[in-house]
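Novice:
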DNA sequence: GGCTTCACG
DNA sequence: ACGTACGTGAAGCCG
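Numbering (our numbering), first residue to last: 18 to 888.
Here it is in structure tokens:
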């Protein structure tokens, strides 16, 4: 067997990876996509080749000696994107940590390094694989030198392989002749001029016939087409120069020592730490967990039998802190004793050496174990879990005061992640990598241990970032409030919902027929692609916008066409009805339970700004703006003997803006309970307050919204269908009217630029890595985020406080009424009729006093027999 | 699984 | 010149 060396063209692969992998950023705001893509390619190659030797080459950016021969050499290459540039030292650091040889030499191109090393190694009898994104290297291919060109497409990496024979097959010339082809056709990206008027086709034909440019020149008069013949004669010097430029040096003077390139186990501890920092989660699985000195598993114990279990709980009861976990335990041989929920095991940890798992069994079934755990939750000073809300159902004695949820804590520390399972927390905050393939018992132990061990680590980090009281005063109590809300659910009338859906269905069928009639054919109206073809190709309507994949058929585009084309009007109607039917009528019905209620989930660790999110189903986007959709709210009803009391904050975000900016005009306006949109209109449009038109007020309202979103003239112009110039004037006048707001927004951006995150009144942070981007768009986005996040986030903080207050008060007074929904600035209480007055008072009190601002907070309260009436 | 569209605040 | 409003979730299409 011949030994093998893999040579990687560092910059070329990094470049490929950068443009092939979507933008990734770690929590520090460092771009990582190119490094990630590079490593992906490298690992794939290594897995395939299993080489004895490995070297990565980098060129130092300077004109190379080959290129210096050209007097007018100028880099036509674009300067490297900043996001890519910052990743170059990172990949070098990673390679170093993996003990991989890096070769770079001032004044030498990577190609020349590759060529020289490749030749040297081949002469020593090695097989060579050159990994490059650059087809220039094809000239180096031989029987033993294989050129491998990776293509990153949609996540997966495919590699094109070329030995000498493959080059001949694909390009019709040998690798050596490939140089001459290039000398003739030139290459703008490499500043090789070539011969004018000779492209790839002609060049290949000429070299196929004459093998080299020199031989071709000797027969120059026979060359066809005549244009190529004439130009080769005329530009012969340039052709020769091009050949020199195109030829990769294989005898450069470089200090390459094969032994240094010896490839050993790259999965070092140093590399592990780096991968962790870069947040390359799935690559971490390449590291050998055992070799990492991870001895957590050594402490895992399985405990069975009532006596033994009692002893374990008695010991845990004395601990300062206990981590706990429930596990589905599909491997449990006694599923008979598992809980209907699927849980078949629990785990506990109260020290690094105290990690036990307990399977459900005959004499110690789930209810027994959960009962013991519940007692622990009540008793120990700190009871910690990963995703506590999911388990509170089985822990009736758990309390806010001593509970800790490491997932919620991890979310606060970085709200941008999409995943926060216990393995993520263990990796990021404990430096422990958990193998994916473990027994359920071991997984349970790890989860319990993570809850135990990460709690103090996270607590410290929260303290350091000023979020400890946000965590303990708001987020942890909220876990319990959200649990109560989910348990309560909301009653939905299934029969009425069905009727509503059927009515929609009938109208949809009618509209379908009419649309097909007008279109002259049947097609799928739900397919934007097919719809685009019908409207813009067949019916020749003017197309305003395009998406990545074709014509846009979005509502705002269609609305402009509707007055002229009856079919468009019908399509808009169809869309509206189809949406209502599929998402709401049919979509909600699936979630109605035996108890006639929908128990949706309120997610606490999803949004970047601190808001809640609602899923399965989403109860935060039930229609309200259009009457037809709004009717669906009539099927949301309280149980018998109850009514709905609904409360929503009046303009909470603008009030927060008034408070945070300290703008005197705005503050005074709110203190005097003025109509803020009318007043803004009056000021911005220089119109007496009482003479403001409806249009002016509407426009001013849009400006106010825009401010909260991080205003841009383009966005505002889109919203109001006015020119950008007009929009810009509105904004300018707004800032003249409210100079404090202008200053606040500027300060918010400056703060985020300086610190890397935006912050709310209650200390919640939202990282804004986009502000570091060199991309204009990205940076602008970052600035808008920096303006919006403190406002939206503070509003989220405030309503969370109100929710906790309301829920606590209802419980404290032993009331039957309960909080069941939150929609960002709105709370819905299913109210026992005799308690209506009291509930209204509590809502008003807890919502309006949730925060002490420079302006009053106002909650508007309504009662109704269903959600439609109460809103 | 990504894209488009559309429902909400 | 670039090309958007901020924050979500779900459904349907299509490669």
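Even glycine gets a Cβ: it sits at the ideal position worked out from N, Cα and C.
#1: What are the complete alpha helix (DSSP H) segments, minimum 4 residues, inside the stretch 320-393?
#2: When you compare the CB positions of residue 147 and residue 131, do they come within less than 7 angstroms of one another, or not?
#3: Do you know offhand how far residue 33's Cα is from residue 285's?
#4: Going by DSSP, what residue range makes up the alpha helix (DSSP H) through residue 519?
#5: Ignoring anything shorter than 4 residues, give me the alpha helix (DSSP H) runs that lie fully in the stretch 848-878, in order along the chain.
#6: Starting from residue 421, trace the beta strand (DSSP E) in both directions and tell me its first and last residue.
#7: What alpha helix (DSSP H) runs, 4 residues minimum, are completely inside the stretch 742-787?
#8: If you follow the alpha helix (DSSP H) that residue 140 is in, where does it begin and where does it stop?
#9: Can you say whether residue 323 is buried or exposed, counting buried as having 16 or more other CB atoms within 10 angstroms of its CB?
#10: What first and last residue would you give for the beta strand (DSSP E) that runs through residue 631?
#11: Mind checking residue 872: buried by the 16 CB within 10 Å criterion, or exposed?
#12: Under the rule that 16 or more other beta-carbon atoms within 10 Å means buried, what is residue 517, buried or exposed?
#13: Rank 563, 552, 702 and 366 by C-alpha distance to the C-alpha of residue 586 and give the top, closest one.
#14: Just to confirm, are residue 159 and residue 167 a CB contact at a threshold of 7 angstroms?
#15: Note down, in chain order, each residue of its chain lying with its Cβ closer than 7 angstroms to the Cβ of residue 567, except the 5 sequence neighbours on either side.
#16: Let me make sure I understand the geometry here. Which of 357, 354, 58 and 839 has the alpha-carbon closest to that of residue 617?
#17: Can you check which of these residues, 26, 215, 236 and 845, is closest to residue 119 by C-alpha distance?
#18: I think residue 342 touches residue 369, with their Cβ atoms under 8 angstroms apart; what is that distance to the nearest whole Å?
#19: In angstroms with no decimal places, state the Cα-to-Cα distance between residue 484 and residue 806.
#20: Quick one, are the C-beta atoms of residue 674 and residue 590 less than 7 angstroms apart?
#21: Are residue 897 and residue 683 touching if we call contact CB-CB under 7 angstroms?
#22: With distances taken Cα to Cα, identify the nearest neighbour of residue 418 among 492, 477 and 439.
#23: Quick one: Cα of residue 479 to Cα of residue 399, how far?
#24: Hey, residue 747 and residue 709: beta-carbon distance below 7 angstroms or not?
#25: Three or more C-beta pairs closer than 8 angstroms, one from the stretch 353-362 and one from the stretch 496-507: is that the case here?
#26: Please report how far the alpha carbon of residue 338 lies from the alpha carbon of residue 469, in whole angstroms.
#27: Restricting to Cα atoms, I'd like to know which of 886, 562, 573 and 519 is closest to residue 595.
#28: Contact check, residue 117 vs residue 283 under 8 angstroms by CB: the rounded distance?
#29: Leaving aside the five residues before and after residue 663 along the sequence, list all residues of the same chain whose C-beta is less than 6 angstroms from its C-beta, in chain order.
#30: Leaving out five residues before and five after residue 85 in sequence, what residues of the same chain have Cβ atoms less than 7 angstroms from its Cβ?
#31: I'd like to know whether the C-beta atoms of residue 635 and residue 296 end up nearer to each other than 7 angstroms.
#32: Does the distance from the CB of residue 757 to the CB of residue 810 come in under 7 angstroms?
#33: Measuring CB atoms only, is the stretch 406-414 touching the stretch 390-397, in the sense that at least three cross pairs come out at less than 8 angstroms?
#34: Counting C-beta neighbours from all protein chains within 10 Å, is the total for residue 444 16 or more, i.e. buried, or is it exposed?
#35: Can you tell me whether residue 848 is buried or exposed? The criterion is at least 16 other CB atoms within 10 Å of its CB, across all chains shown.
#36: Tell whether a beta-carbon distance below 7 angstroms holds between residue 77 and residue 123.
Specialist: Here's the rundown:
#1: Positions of the alpha helix (DSSP H) runs, each at least 4 residues long and wholly inside the stretch 320-393, are given as 323-334 in order along the chain.
#2: By one-based count along the first chain, residue 147 stands at place 130. By one-based count along the first chain, residue 131 stands at place 114. In contact: residue 147 and residue 131 (Cβ atoms closer than 7 angstroms).
#3: Against the first chain, residue 33 aligns to sequence position 16. Against the first chain, residue 285 aligns to sequence position 268. For residue 33 and residue 285, the gap between their C-alpha atoms comes out near 26 angstroms.
#4: Walking along the first chain from the start, residue 519 turns up at place 502. Residue 519 -> alpha helix (DSSP H) spans 511-536.
#5: 853-865
#6: In the first chain, counting from the first residue as 1, residue 421 sits at position 404. That run of the beta strand (DSSP E) goes 420-422.
#7: 756-772
#8: Along the first chain, read from residue 1 onward, the residue named residue 140 stands at position 123. Unbroken alpha helix (DSSP H) run through residue 140: 127-140.
#9: By 1-based counting over the first chain, the position of residue 323 is 306. With fewer than 16 other Cβ atoms within 10 Å, it is exposed.
#10: Here residue 631 refers to the residue found at position 614 when the first chain is read from its first residue. Under the DSSP assignment, residue 631 falls in the beta strand (DSSP E) whose first and last residues are 630-632.
#11: Position 855 of the first chain holds residue 872. Classification of residue 872: buried, given that the 10 Å Cβ count is 16 or more.
#12: Here residue 517 is taken as the residue at index 500 of the first chain, counted from 1. Buried.
#13: Within the first chain, residue 586 is the residue found at index 569, counting from 1. Comparing alpha carbon positions, the residue from 563, 552, 702 and 366 closest to residue 586 is 552.
#14: Locating residue 159 in the first chain gives position 142, where the first residue counts as 1. Locating residue 167 in the first chain gives position 150, where the first residue counts as 1. Contact flag unset, no.
#15: Position 550 of the first chain holds residue 567. So the qualifying residues of the chain are 546 and 549.
#16: As a first step, residue 617 is located in the first chain; it is residue number 600 there, counting from the start. Comparing Cα-Cα distances from residue 617 to each of 357, 354, 58 and 839, the minimum goes to 839.
#17: Within the first chain, numbered from 1, the residue matching residue 119 stands at position 102. Comparing Cα-Cα distances from residue 119 to each of 26, 215, 236 and 845, the minimum goes to 26.
#18: By one-based count along the first chain, residue 342 stands at place 325. By one-based count along the first chain, residue 369 stands at place 352. Going by Cβ atoms, the distance from residue 342 to residue 369 rounds to 16 angstroms, so no, they are not a contact pair.
#19: Position 467 of the first chain, counted from the start, is the residue given in the question as residue 484. Position 789 of the first chain, counted from the start, is the residue given in the question as residue 806. If I take the Cα positions, the gap works out to 16 angstroms.
#20: As a first step, residue 674 is located in the first chain; it is residue number 657 there, counting from the start. As a first step, residue 590 is located in the first chain; it is residue number 573 there, counting from the start. Cβ atoms of residue 674 and residue 590: not closer than 7 angstroms.
#21: Look at the range of the chain in this structure, 18 to 888, and you will see that residue 897 is not part of it.
#22: Working through the first chain from its first residue, we reach residue 418 at position 401. For residue 418, the nearest C-alpha among the options comes from 492.
#23: Counted from its first residue, the first chain places residue 479 at position 462. Counted from its first residue, the first chain places residue 399 at position 382. Approximately 16 angstroms between the Cα atoms of the pair.
#24: In the first chain, residue 747 corresponds to position 730, counting from 1. In the first chain, residue 709 corresponds to position 692, counting from 1. For residue 747 and residue 709, no; Cβs fall outside 7 angstroms.
#25: No, because fewer than three Cβ pairs between the stretch 353-362 and the stretch 496-507 fall closer than 8 angstroms, the two stretches do not touch.
#26: For the purposes of this step, residue 338 is identified with residue 321 of the first chain, where counting begins at 1. For the purposes of this step, residue 469 is identified with residue 452 of the first chain, where counting begins at 1. Each residue's Cα considered, the two are about 7 angstroms apart.
#27: Counted from its first residue, the first chain places residue 595 at position 578. When only C-alpha atoms are compared, the closest one is 519.
#28: Here residue 117 is taken as the residue at index 100 of the first chain, counted from 1. Here residue 283 is taken as the residue at index 266 of the first chain, counted from 1. Going by Cβ atoms, the distance from residue 117 to residue 283 rounds to 6 angstroms, so yes, they are a contact pair.
#29: Residue 663 sits at position 646 when you count from the first residue of the first chain. Once the five neighbours on either side are set aside, the close Cβ partners of residue 663 are 845, 879, 887 and 888.
#30: Stepping through the first chain from its first residue, residue 85 is reached at position 68. For residue 85, the predicted structure reports a pLDDT of 42, less than 50, and the residue's modelled location is therefore unreliable. A value from the coordinates is still provided. Within the same chain, residue 85 has no close Cβ partners at all.
#31: As a working note, residue 635 is residue 618 in the first chain. As a working note, residue 296 is residue 279 in the first chain. No, the Cβ-Cβ distance between residue 635 and residue 296 is not below 7 angstroms.
#32: Taking the first chain and counting its residues from 1, one reaches residue 757 at position 740. Taking the first chain and counting its residues from 1, one reaches residue 810 at position 793. In this structure, residue 810 does not lie closer than 7 angstroms to residue 757 by Cβ.
#33: yes
#34: Along the first chain, one-based indexing puts residue 444 at 427. Buried is the call here.
#35: Position 831 of the first chain, counted from the first residue, corresponds to residue 848. Buried, because 16 or more other Cβ atoms sit within 10 Å of the Cβ of residue 848.
#36: As a working note, residue 77 is residue 60 in the first chain. As a working note, residue 123 is residue 106 in the first chain. Yes. Within cutoff.
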